[in-house]
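Asker:
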Ligand SMILES: [Zn+2]
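Numbering (the working numbering), first residue to last: -2 to 396.
1) Rounded C-beta distance between residue 188 and residue 223? I'm assuming under 8 Å.
2) Apply the 10 Å Cβ neighbour rule to residue -2 and answer buried if 16 or more other Cβ atoms are within range, or exposed otherwise.
3) Over the uninterrupted beta strand (DSSP E) stretch that includes residue 395, give me the two end residues.
4) Using the DSSP secondary-structure output, state which residues sit across from residue 101 in a beta bridge.
5) Where do the N-terminal and C-terminal ends of the beta strand (DSSP E) with residue 377 fall, by residue?
6) How far does the alpha helix (DSSP H) with residue 303 in it extend, from its first residue to its last?
7) Tell me whether the stretch 85 to 96 and the stretch 34 to 43 touch, counting them as touching only if at least three CB pairs, one residue from each stretch, are closer than 8 Å.
8) Please determine whether the Cβ atom of residue 399 lies at a distance below 7 Å from any heavy atom of ligand 1.
9) Near residue 83, which residues of its chain fall below 6 Å by C-beta distance, leaving aside the five closest residues on each side in sequence?
10) Who are the Cβ neighbours of residue 168 in its own chain at under 8 Å, not counting the five residues just before and after it?
11) Taking only runs that begin and end inside the stretch 166 to 214, name each unbroken beta strand (DSSP E) of 3 or more residues, in chain order.
12) Under 8 Å by Cβ, that's how I've got residue 282 and residue 73 pegged, so tell me the actual separation to the nearest angstrom.
13) Give me, in chain order, the residues of the same chain whose beta-carbon lies closer than 8 Å to that of residue 397; leave out the 5 immediate sequence neighbours on both sides.
14) Closer than 7 Å to a non-hydrogen atom of ligand 1 - does that hold for the CB of residue 206?
15) Going by beta carbon distance, what residues of the same chain come within less than 7 Å of residue 279, once the five residues before and after it are set aside?
16) As a quick exercise: from 34, 8, 9, pick the residue whose alpha carbon is nearest that of residue 16.
17) What would DSSP say about residue 47, mapped onto helix, strand or coil?
18) Would you say the beta carbon of residue 201 comes nearer than 7 Å to a heavy atom of ligand 1?
19) Would you kindly work out how many angstroms separate the C-alpha atoms of residue 178 and residue 108, rounded to a whole number?
20) Would you kindly report the start and end of the unbroken alpha helix (DSSP H) that includes residue 267?
21) What do you reckon, are the CB atoms on residue 149 and residue 184 nearer than 8 Å?
22) Whole angstroms are fine: how far does the CA of residue 153 sit from the CA of residue 120?
23) Would you say residue 284 touches ligand 1, meaning its beta carbon is less than 7 Å from a heavy atom?
24) Quick one: what's residue 284 bridged to in DSSP?
25) Beta carbon of residue 227: closer than 7 Å to some heavy atom of ligand 1?
26) Where do the N-terminal and C-terminal ends of the beta strand (DSSP E) with residue 341 fall, by residue?
27) Output the boundary residues of the alpha helix (DSSP H) element that contains residue 141.
28) So is the beta-carbon of residue 214 under 7 Å away from any non-hydrogen atom of ligand 1?
29) Check residue 95 in the structure and name its three-state DSSP category.
30) Rounded to whole angstroms, what is the Cα-Cα separation between residue 133 and residue 142?
31) From the DSSP secondary-structure annotation, give me the bridge partner or partners of residue 11.
32) Check each candidate in 272, 376, 360 and name the one with the smallest Cα separation from residue 61.
33) Under 7 Å: does the beta carbon of residue 232 sit that close to some heavy atom of ligand 1?
34) Measure the alpha-carbon distance for residue 213 versus residue 225 and round it to whole angstroms.
35) Determine, using beta carbons only, whether residue 319 and residue 98 come nearer to each other than 8 Å.
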């Protein structure tokens, strides 16, 4: 279903979400907003406030949130897409649409490395990256924004290659270490060239994920100096605690925690980041599809894990999956702020959770129930087919 979703509203549109019970901002400095109404015009947030203070006249779509919780759509900082909504890794179709049902509205590719017959020669690497960038720019499975086209560096690439990739629209590097370049010095040079032309980078951290991949330790991670320390909690095999601490303390780059990683190492990284006063660096991904499968609720599960066992307020844990990632990766979504993309997830406490409200339920380790997702101001899904049922759900009262 929902394979040819429009990127945005067809004509002028005005979305009003009223009667919001709790508004999560995505901003770790102020995770809860004092507002009950959101307005979005032509796919962008245009007002946030109390109902009496915002202009909701002329709405084309009105949603009664029915006292539920609205948050920015979740961002998965680490996925491995291949072609449309198909993954050969676990031979599944519709996995991205399943993630949308888990509240994910934006995904970042860490490399299209599962492509059968993936080219390793430089012209082939560049061609595949440009193809993936174009294909996912043109096509949004279920409406989800997939930022793809993330080449994995190979020996022999020159500055000219990165310049050419950037000029063609490539904005990401796939995980350093998944290709033929494994050493710190070469990685550092290529990452610097990429950065010079506006291409963001990430690295595979920890032991090999599948036969054929390799170990990347703290020394290589720090020398390579990628923008994001990809799965610092391993994918799945984590580095020893001492090396994780060394990475946290040895750089100011993003600390990415993934579902397809070591949970204890994720909690350890979180503790170190908190001690350092650096929770802004923490971002979340799934690393799906992977050997451990496809996890439609992976980001919600990470939020719940880190909040319940990592002693972080639930509203703060949601920032790891929204505003932190948006800022680090210069995305126009992820925060409830005028001018940002109108990408939302509407949730409530799951039915029969022991928590007294949604935040309490997440602190107790439960997952919230999703009642609706919205991307670019358009309703994409209603009651999730994948989460436990939400106690209350929003209702479309107009449009
Ligand atoms: Zn990896």
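We treat Cβ as the ideally placed atom computed from N, Cα and C, and that holds for glycine.
Answerer: So, from the data block:
1) Residue mapping note: residue 188 aligns to position 191 of the chain shown, counting from 1. Residue mapping note: residue 223 aligns to position 226 of the chain shown, counting from 1. About 5 Å; that satisfies the 8 Å criterion.
2) Locating residue -2 in the chain shown gives position 1, counting from the first residue. In this prediction, residue -2 scores a pLDDT of 41, lower than 50, which makes its location untrustworthy; the coordinate-derived value is nonetheless stated afterwards. Residue -2 comes out exposed.
3) If you number the chain shown from 1, residue 395 lands on position 398. Residues 392 to 395.
4) Counting from 1 along the chain shown, the entry for residue 101 is found at position 104. 71.
5) In the chain shown, the residue the question calls residue 377 occupies position 380. Its beta strand (DSSP E) spans residues 375 to 378.
6) The sequence position of residue 303 within the chain shown is 306, counting from 1. Element bounds for residue 303: 295 to 307.
7) With the cut-off at 8 Å, the stretch 85 to 96 and the stretch 34 to 43 do not touch.
8) Only positions -2 to 396 of the chain appear in this structure, which leaves residue 399 out of reach.
9) As a position in the chain shown, residue 83 is number 86, starting the count at 1. Contacts found: 90.
10) In the chain shown, the residue the question calls residue 168 occupies position 171. Taken in chain order, the residues that qualify are 130, 144, 146, 195, 196, 197.
11) Those beta strand (DSSP E) runs which fall completely within the stretch 166 to 214 and span 3+ residues are 169 to 173, 197 to 200.
12) Here residue 282 corresponds to residue number 285 of the chain shown, with the count starting at 1. Here residue 73 corresponds to residue number 76 of the chain shown, with the count starting at 1. Under the criterion of beta carbons closer than 8 Å, residue 282 and residue 73 qualify as touching, at roughly 5 Å.
13) Examination of residue 397 is not possible in this model, given that the chain is present from -2 through 396 alone.
14) In the chain shown, the residue the question calls residue 206 occupies position 209. Because some heavy atom of ligand 1 lies under 7 Å away, the Cβ of residue 206 counts as near it: yes.
15) Working through the chain shown from its first residue, we reach residue 279 at position 282. Around residue 279: 252, 254, 267, 270, 317, 321.
16) Here the question's residue 16 lines up with position 19 in the chain shown. Distance check between residue 16 and each of 34, 8, 9 places 34 closest, using alpha-carbon atoms only.
17) Residue numbering aside, residue 47 sits at position 50 when the chain shown is read from its first letter. Coil, per DSSP.
18) Taking the chain shown and counting its residues from 1, the one referred to as residue 201 is at position 204. Residue 201 Cβ: within cutoff of ligand 1.
19) Translated into the one-based positions of the chain shown, residue 178 becomes position 181. Translated into the one-based positions of the chain shown, residue 108 becomes position 111. Using only the alpha carbons, I get a separation of about 14 Å.
20) On the chain shown, residue 267 is found 270 positions in, with the first residue counted as 1. 260 to 272 is the extent of the alpha helix (DSSP H) around residue 267.
21) Sequence index remark: in the chain shown, residue 149 carries index 152 (1-based). Sequence index remark: in the chain shown, residue 184 carries index 187 (1-based). For residue 149 and residue 184, no; Cβs fall outside 8 Å.
22) Locating residue 120 in the chain shown gives position 123, where the first residue counts as 1. Locating residue 153 in the chain shown gives position 156, where the first residue counts as 1. Their Cα atoms are separated by approximately 11 Å.
23) Locating residue 284 in the chain shown gives position 287, counting from the first residue. Within the cutoff, so yes.
24) If you number the chain shown from 1, residue 284 lands on position 287. DSSP output for residue 284 lists no bridge partner at all.
25) Counting from 1 along the chain shown, the entry for residue 227 is found at position 230. For ligand 1, at least one heavy atom lies less than 7 Å from the Cβ of residue 227.
26) For the purposes of this step, residue 341 is taken as the residue at position 344 of the chain shown. It spans 341 to 345 - the beta strand (DSSP E) in which residue 341 sits, taken as one unbroken run.
27) If you number the chain shown from 1, residue 141 lands on position 144. Premise fails: residue 141 is in no alpha helix (DSSP H) and is neither H nor E.
28) Locating residue 214 in the chain shown gives position 217, counting from the first residue. No, the beta carbon of residue 214 sits no closer than 7 Å to any heavy atom of ligand 1.
29) Locating residue 95 in the chain shown gives position 98, counting from the first residue. Correct three-state label for residue 95: helix.
30) The count along the chain shown starts at 1 and reaches residue 133 at position 136. The count along the chain shown starts at 1 and reaches residue 142 at position 145. Straight across, the Cα-Cα distance linking residue 133 with residue 142 is about 8 Å.
31) Your numbering for residue 11 matches position 14 in the chain shown. Note: residue 11 sits in a beta bridge opposite 38.
32) Position 64 of the chain shown holds residue 61. When only C-alpha atoms are compared, the closest one is 376.
33) For this step, residue 232 is matched to residue 235 along the chain shown. It does: the Cβ of residue 232 is within 7 Å (strictly closer) of some heavy atom of ligand 1.
34) As a working note, residue 213 is residue 216 in the chain shown. As a working note, residue 225 is residue 228 in the chain shown. Annotation: residue 213 to residue 225 spans about 14 Å, alpha carbon to alpha carbon.
35) For this step, residue 319 is matched to residue 322 along the chain shown. For this step, residue 98 is matched to residue 101 along the chain shown. Not a contact, by the Cβ cut-off of 8 Å.
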